[in-house]
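Engineer: My structure is below; once you've seen it, I'll send some questions.
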Amino acid sequence: MSGKDEQPRSTIFEIDKTNNFPDWFGEICRVAELADIRYGVKGFTPFPPWSFMTMNNMFDILEEVLQRKDHLPMLFPTVIPESNLTKEAQHVEGFVPQVFWIQDTGEGGKLEERLALRPTSETAIYPMYSLWIRSWRDLPMKRYQRCSVFRSEVKSTRPFLRGREFLWIESHNVFATHDEVKAQVKEDLETTKEVVTDNFGIPVMVFRRTQWDKFPGGLNTYAADTLMPDGKVLQLPSTHDLGDNFARAFDVKFLNENNEIEYAWQTCYGPAISRIFGALISVHGDNKGLRLPFKVAPYQIVVIPIYKGKDADTVLEYSKNIQNNLRKAGFRVYLDNSDNTPGWKYNYWEMKGVPIRVEIGPRDIKDNKAVLFRRDKMKREIIDIKDLKKKIVSLGKEIDSHLLAEAESKFVDLIIDADSISAIEDALDKGKIARIPFCTTEMEGKPCADEIKDRTGGETRGTRIDVDEKPTGVCTVCGKIATEIVYIARSY
RNA sequence: GGGUCGGUGGUCUAGUUUGGUAUGAUUCUUGGUUCGGAUCCAAGGGAUCGGGCGUUCAAAUCGCCUCCGGCCCA
Numbered sequence: 087m088s089g090k091d092e093q094p095r096s097t098i099f100e101i102d103k104t105n106n107f108p109d110w111f112g113e114i115c116r117v118a119e120l121a122d123i124r125y126g127v128k129g130f131t132p133f134p135p136w137s138f139m140t141m142n143n144m145f146d147i148l149e150e151v152l153q154r155k156d157h158l159p160m161l162f163p164t165v166i167p168e169s170n171l172t173k174e175a176q177h178v179e180g181f182v183p184q185v186f187w188i189q190d191t192g193e194g195g196k197l198e199e200r201l202a203l204r205p206t207s208e209t210a211i212y213p214m215y216s217l218w219i220r221s222w223r224d225l226p227m228k229r230y231q232r233c234s235v236f237r238s239e240v241k242s243t244r245p246f247l248r249g250r251e252f253l254w255i256e257s258h259n260v261f262a263t264h265d266e267v268k269a270q271v272k273e274d275l276e277t278t279k280e281v282v283t284d285n286f287g288i289p290v291m292v293f294r295r296t297q298w299d300k301f302p303g304g305l306n307t308y309a310a311d312t313l314m315p316d317g318k319v320l321q322l323p324s325t326h327d328l329g330d331n332f333a334r335a336f337d338v339k340f341l342n343e344n345n346e347i348e349y350a351w352q353t354c355y356g357p358a359i360s361r362i363f364g365a366l367i368s369v370h371g372d373n374k375g376l377r378l379p380f381k382v383a384p385y386q387i388v389v390i391p392i393y394k395g396k397d398a399d400t401v402l403e404y405s406k407n408i409q410n411n412l413r414k415a416g417f418r419v420y421l422d423n424s425d426n427t428p429g430w431k432y433n434y435w436e437m438k439g440v441p442i443r444v445e446i447g448p449r450d451i452k453d454n455k456a457v458l459f460r461r462d463k464m465k466r467e468i469i470d471i472k473d474l475k476k477k478i479v480s481l482g483k484e485i486d487s488h489l490l491a492e493a494e495s496k497f498v499d500l501i502i503d504a505d506s507i508s509a510i511e512d513a514l515d516k517g518k519i520a521r522i523p524f525c526t527t528e529m530e531g532k533p534c535a536d537e538i539k540d541r542t543g544g545e546t547r548g549t550r551i552d553v554d555e556k557p558t559g560v561c562t563v564c565g566k567i568a569t570e571i572v573y574i575a576r577s578y
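When you line the first sequence up against my numbering, it's residues 87 to 578, in that order.
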């Protein structure tokens with residue numbers, strides 16, 4: 087055995103993410119134990135610990151930001167009576183086709199009124215808001231709930247990206263004026279940026295959606311899109327200016343300072359953590375598996391003890407001490423003292439995406455050193471054991487900013503200005519996003535968007551609100567004076 | 001919603017053309033061996049072949065229905 091021409095017999099995970107993204111996604115869900123599609127009900131999947139722990143960390147970060155901005159948590163029932171669900175006409179049209187209904191109980195019992203599994207909770211919450219809000223002194227009311235919602239999607243479902251039950255936070259806010267609503271929308275978009283980009287390392291572009299693509303029943307929808315490895319965009323948190331439409335439908339009124347009754351103004355904001363998790367693994371993952379940000383990884387550090395028979399006790403005890411010390415310092419640490427060989431453990435935890443690995447062997451103990459490995463760059467360094475905590479703190483930050491920087495690099499040269507439908511198609515075929523002057527995002531512009539969709543497969547994502555852009559010239563489709571610049575992308 | 005391919009121990013898979021005792025690997029359990037990039041050996045466990053109905057002496061295999069999944073298109 088020369089040992090030189092031996093190939094590794096197999097790998098725990100090795101798939102070309104860039105050229106084979108659908109396979110990559112399905113396999114990583116299975117191998118890393120993120121979602122188990124064997125449950126047997128379309129669009130419903132159990133989430134094992136590895137994905138759920140990560141999503142919980144993501145929820146915690148989001149809730150911390152919301153609470154810092156004066157939103158209070160609450161929880162409503164899962165079911166909504168049909169009469170409430172159908173109070174706002176456009177909302178009905180938008181959501182009822184996707185509703186799961188409960189109508190029976192026990193053996194042959196019939197409910198007097200059908201109950202909907204909430205597809206979103208406006209129609210559950212606002213009837214209660216109508217009771218809870220009496221005076222301008224009750225406003226603003228800023229509340230949110232962390233829950234799952236149910237939508238009978240007709241499109242093909244995928245774990246995390248499109249499920250029929252998904253995990254999210256929905257924030258429902260009530261104000262005395264429309265100006266406050268606009269300020270809340272801005273705050274929500276800042277929250278999105280802080281949470282999704284600064285904490286999860288996922289860059290986004292923020293759009294005001296077109297009138298034909300807004301939240302059913304609202305005035306305007308604002309949404310963040312990110313870019314997936316296959317060149318398609320994915321909608322992440324969206325926030326909605328509901329105007330006073332729902333207040334009128336659900337009778338949410340308050341007495342103002344002049345003792346006059348007024349309808350309230352509302353917003354809602356719905357970051358779907360399970361979907362953001364899908365984006366997170368897709369954006370950061372590489373051919374060897376997951377690369378989880380330090381801030382959200384269930385285990386931030388895995389300690390791998392390395393020993394021959396006679397060293398076992400010493401090395402194990404030493405490793406346990408390191409684990410305890412790191413835990414005391416507030417890190418999430420796992421010590422892998424299973425029977426597998428070190429090489430197996432390296433591959434396994436790299437596939438799982440643990441950001442930092444500490445290797446401890448007899449040599450290191452003797453020299454007061456440790457081997458520190460970072461998953462994002464697959465690089466090792468040998469450090470003094472006394473510097474361990476300090477190094478981990480700085481390395482954790484470095485990993486997260488490196489993951490973000492790498493993701494942002496995919497946005498460079500992403501946008502191509504197009505002046506014709508064939509130019510749009512060209513751009514999309516290259517995996518780019520097309521930017522065009524457009525007649526209008528009011529309903530009158532829909533035929534132009536439909537034509538683009540038919541001929542290029544691209545969807546009109548709306549107008550950017552995180553950059554200032556002024557149109558010149560005419561609509562790329564109909565030739566009327568352009569009033570807006572819109573972006574066209576293939577999407578999920 | 002349209003099209004298409006698929007479903008066989010926990011996982012991956014052979015077998016389906018030509019109906020007749022279901023193949024191999026891996027995982028798992030036990031014992032030993034090994035441990036700085038997937039140790040090796042031995043023994044053991046594990047499947048009413050997605051579900052239902054039909055054809056047949058006989059169905060993983062043929063037919064119909066259905067559920068679930070992958071991919072492509074709208």
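Cβ coordinates follow ideal geometry from the N, Cα and C atoms, glycine included.
Specify the secondary structure class of residue 549 as computed by DSSP and reduced to three states.
Structural biologist: Here the question's residue 549 lines up with position 463 in the first sequence. Residue 549: strand per DSSP, three-state reduction.
Engineer: Consult DSSP for residue 386 and reduce its assignment to one of helix, strand or coil.
Structural biologist: As a working mapping, residue 386 is identified with position 300 in the first sequence. DSSP places residue 386 in coil when its eight states are reduced to three.
Engineer: So what does DSSP say about residue 185, is it helix, strand or coil?
Structural biologist: The count along the first sequence starts at 1 and reaches residue 185 at position 99. Note: residue 185 maps to coil in three-state DSSP.
Engineer: Please check the pair residue 157 and residue 229, which I expect to be a contact at CB under 8 Å, by giving their CB distance rounded to whole angstroms.
Structural biologist: Here residue 157 refers to the residue found at position 71 when the first sequence is read from its first residue. Here residue 229 refers to the residue found at position 143 when the first sequence is read from its first residue. Confirmed, about 6 Å.
Engineer: Could you tell me the alpha carbon to alpha carbon distance between residue 124 and residue 282, rounded to whole angstroms?
Structural biologist: Residue mapping note: residue 124 aligns to position 38 of the first sequence, counting from 1. Residue mapping note: residue 282 aligns to position 196 of the first sequence, counting from 1. Residue 124 and residue 282: Cα-Cα distance of roughly 30 Å.
Engineer: Excluding sequence positions up to five away, which residues of its chain have a Cβ less than 8 Å from the Cβ of residue 119?
Structural biologist: On the first sequence, residue 119 is found 33 positions in, with the first residue counted as 1. The residues are 134, 135, 136, 137.
Engineer: Taking the alpha carbon of residue 149 as the point to measure from, which residue in 233, 568, 562 has its own alpha carbon closest?
Structural biologist: Numbered from 1 along the first sequence, position 63 holds the residue referred to as residue 149. Checked all of 233, 568, 562; the closest Cα to residue 149 is 233.
Engineer: On the DSSP bridge list, what partners appear for residue 351?
Structural biologist: One-based indexing of the first sequence puts residue 351 at position 265. BP columns for residue 351 point to 261.
Engineer: Quick check: what's the CA-CA separation for residue 519 versus residue 555?
Structural biologist: Residue 519 sits at position 433 when you count from the first residue of the first sequence. Residue 555 sits at position 469 when you count from the first residue of the first sequence. About 16 Å.
Engineer: DSSP three-state label for residue 289, please.
Structural biologist: Start at 1 with the first residue of the first sequence, and residue 289 comes out as number 203. Reduced to three states, the DSSP call for residue 289 is coil.
Engineer: For residue 87, does the three-state DSSP call read helix, strand or coil?
Structural biologist: Residue numbering aside, residue 87 sits at position 1 when the first sequence is read from its first letter. Reliability of the predicted coordinates at residue 87 is poor, the pLDDT of 28 falling under 50, and no value is obtained from them.
Engineer: Under 7 Å, do residue 252 and residue 324 count as touching if we go by C-beta distance?
Structural biologist: The residue given as residue 252 occupies position 166 in the first sequence. The residue given as residue 324 occupies position 238 in the first sequence. With contacts defined as CB atoms closer than 7 Å, residue 252 and residue 324 fail to qualify as a contacting pair.
Engineer: Mapping DSSP to helix, strand and coil, what is residue 92?
Structural biologist: On the first sequence, residue 92 is found 6 positions in, with the first residue counted as 1. With a pLDDT of 31 at residue 92, under the threshold of 50, the modelled position of this residue cannot be trusted, and the question is left open.
Engineer: Have a look at residue 577 and residue 320 and give me their C-alpha separation to the nearest angstrom.
Structural biologist: Residue numbering aside, residue 577 sits at position 491 when the first sequence is read from its first letter. Residue numbering aside, residue 320 sits at position 234 when the first sequence is read from its first letter. Answer to the nearest angstrom: the Cα atoms are 6 Å apart.
Engineer: Applying the 10 Å Cβ sphere with the 16-neighbour rule, what's the burial state of residue 549?
Structural biologist: On the first sequence, residue 549 is found 463 positions in, with the first residue counted as 1. When all chains shown are included, residue 549 counts as buried.
Engineer: Measure the alpha-carbon distance for residue 355 versus residue 204 and round it to whole angstroms.
Structural biologist: In the first sequence, counting from the first residue as 1, residue 355 sits at position 269. In the first sequence, counting from the first residue as 1, residue 204 sits at position 118. Their backbone Cα atoms lie some 16 Å apart in a straight line.
Engineer: When we look at the beta-carbon of residue 477 and count the other beta-carbons within 10 Å, is it buried (16 or more) or exposed?
Structural biologist: Position 391 of the first sequence holds residue 477. Its Cβ being crowded by 16 or more others within 10 Å, residue 477 is buried.
Engineer: Thinking just about the alpha-carbon of each residue, which of 553, 552, 571 is nearest to the one in residue 561?
Structural biologist: Residue 561 sits at position 475 when you count from the first residue of the first sequence. Closest option to residue 561, Cα to Cα, is 571.
Engineer: Three-state secondary structure (DSSP) at residue 164?
Structural biologist: The sequence position of residue 164 within the first sequence is 78, counting from 1. It is coil, neither helix nor strand.
Engineer: Taking residue 484 as part of the alpha helix (DSSP H), name the residues at either end of that continuous run.
Structural biologist: As a working note, residue 484 is residue 398 in the first sequence. Run containing residue 484: 474-495, per the alpha helix (DSSP H) assignment.
Engineer: Going by beta carbon distance, what residues of the same chain come within less than 7 Å of residue 430, once the five residues before and after it are set aside?
Structural biologist: Taking the first residue of the first sequence as 1, we reach residue 430 at position 344. Excluding positions up to five away in sequence, the list is empty.
Engineer: So residue 159 packs on residue 210, CB below 8 Å; how close in whole Å?
Structural biologist: Here residue 159 corresponds to residue number 73 of the first sequence, with the count starting at 1. Here residue 210 corresponds to residue number 124 of the first sequence, with the count starting at 1. With 8 Å as the limit, residue 159 and residue 210 do not qualify as a contact, their Cβ atoms being about 15 Å apart.
Engineer: What number of angstroms, rounded off, separates the C-alpha of residue 291 from the C-alpha of residue 488?
Structural biologist: In the first sequence, the residue the question calls residue 291 occupies position 205. In the first sequence, the residue the question calls residue 488 occupies position 402. If you take the alpha carbons of residue 291 and residue 488, they lie about 19 Å apart.
Engineer: Are there three or more Cβ pairs, one per stretch, closer than 8 Å when the stretch 364-373 is compared with the stretch 284-298?
Structural biologist: They touch, by the three-pair rule.
Engineer: Quick check on DSSP: helix, strand or coil for residue 220?
Structural biologist: As a first step, residue 220 must be located in the first sequence, where it is residue number 134. DSSP places residue 220 in coil when its eight states are reduced to three.
Engineer: Leaving aside the five residues before and after residue 246 along the sequence, list all residues of the same chain whose C-beta is less than 7 Å from its C-beta, in chain order.
Structural biologist: As a working mapping, residue 246 is identified with position 160 in the first sequence. Closer than 7 Å at Cβ, skipping near neighbours: 121, 360, 361, 363, 364.
Engineer: Terminal residues of the continuous alpha helix (DSSP H) containing residue 242?
Structural biologist: Here residue 242 refers to the residue found at position 156 when the first sequence is read from its first residue. Element bounds for residue 242: n/a, residue is neither H nor E.
Engineer: According to DSSP, is residue 146 part of a helix, a strand, or is it coil?
Structural biologist: Reading the first sequence from its first residue, position 60 is the one you call residue 146. If DSSP states are grouped into helix, strand and coil, residue 146 belongs with the helices.
Engineer: Please state whether the Cβ-Cβ distance between residue 167 and residue 199 is less than 7 Å.
Structural biologist: Taking the first residue of the first sequence as 1, we reach residue 167 at position 81. Taking the first residue of the first sequence as 1, we reach residue 199 at position 113. Yes; because the gap between Cβ atoms is below 7 Å, this pair is in contact.
Engineer: Flag this pair as touching only if the stretch 256-273 and the stretch 498-505 have three or more C-beta atom pairs under 8 Å; answer yes or no.
Structural biologist: The stretch 256-273 is not in contact with the stretch 498-505.
Engineer: Can you give me the C-alpha to C-alpha distance between residue 397 and residue 390, rounded to a whole angstrom?
Structural biologist: Locating residue 397 in the first sequence gives position 311, where the first residue counts as 1. Locating residue 390 in the first sequence gives position 304, where the first residue counts as 1. Just so you know, the alpha carbons of residue 397 and residue 390 end up roughly 14 Å apart.
Engineer: Report buried or exposed for residue 161, applying the criterion of at least 16 other Cβ atoms within 10 angstroms of its Cβ.
Structural biologist: Taking the first sequence and counting its residues from 1, the one referred to as residue 161 is at position 75. When all chains shown are included, residue 161 counts as exposed.
Engineer: Check each candidate in 335, 334, 302, 438 and name the one with the smallest Cα separation from residue 379.
Structural biologist: Looking up residue 379 in the first sequence gives position 293. The shortest C-alpha separation from residue 379 is found at 438.
Engineer: Beta-carbon separation of residue 226 and residue 336 under 7 Å?
Structural biologist: Locating residue 226 in the first sequence gives position 140, where the first residue counts as 1. Locating residue 336 in the first sequence gives position 250, where the first residue counts as 1. Result no, Cβ atoms of residue 226 and residue 336 do not sit closer than 7 Å.
Engineer: Under a Cβ-count criterion, where at least 16 other Cβ atoms within 10 Å of its own Cβ denotes burial, should residue 217 be classed as buried or exposed?
Structural biologist: Working through the first sequence from its first residue, we reach residue 217 at position 131. So residue 217 ends up on the exposed side.
Engineer: The beta strand (DSSP E) that contains residue 456, what's its start and end?
Structural biologist: Here residue 456 refers to the residue found at position 370 when the first sequence is read from its first residue. Per DSSP, residue 456 belongs to the beta strand (DSSP E) from 455-460.
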